[in-house]
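What the sequence shown shows, in this note's numbering, is residues 2 to 90, in sequence order.
We put the beta carbon where it would ideally sit given N, CA and C, even for glycine.
Here the structure is a predicted model, which means the values were calculated and not measured.
Let me begin by presenting the structure, written as structure tokens, before commenting on it.
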Amino acid sequence: MTLDQLKKELRTASYETAVETLTQYIADNPDDDEALTARGMRHWGAGKRSLAINDYLAAIEINPSGKAKEALRAATEILDYRNKDLYNP
């Protein structure tokens, strides 16, 4: 099964099912940066930020110009955001 077919099947799957399936796919295809990015996005959506960032970094090691680079940049921006008004009412 290709990654595109797998991603279509996992669109409606639960977080646990999707991550388990992607983990198995990654074990069989360890150099697939898109699979790591897809799993990272599922982690991010479930609020598991550190797992998502780890997957993004692993994907960037495989393909420095892939989608994971943009996902990591967006994640970093979100985590770096600070609203100073909330600290000084």
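Check the Cα spacing between R43 and each of T24, M2, R74, Y82: the tightest is with T24. Here Y16 carries a helix assignment [DSSP, helix/strand/coil].
Not a single unbroken stretch of the beta strand (DSSP E) spanning 3 or more residues falls wholly within the segment 46-89.
Assigned with DSSP and collapsed to three states, T3 falls in coil, not helix or strand.
When the beta-carbon positions are compared, G41 and A53 come within less than 7 Å of each other.
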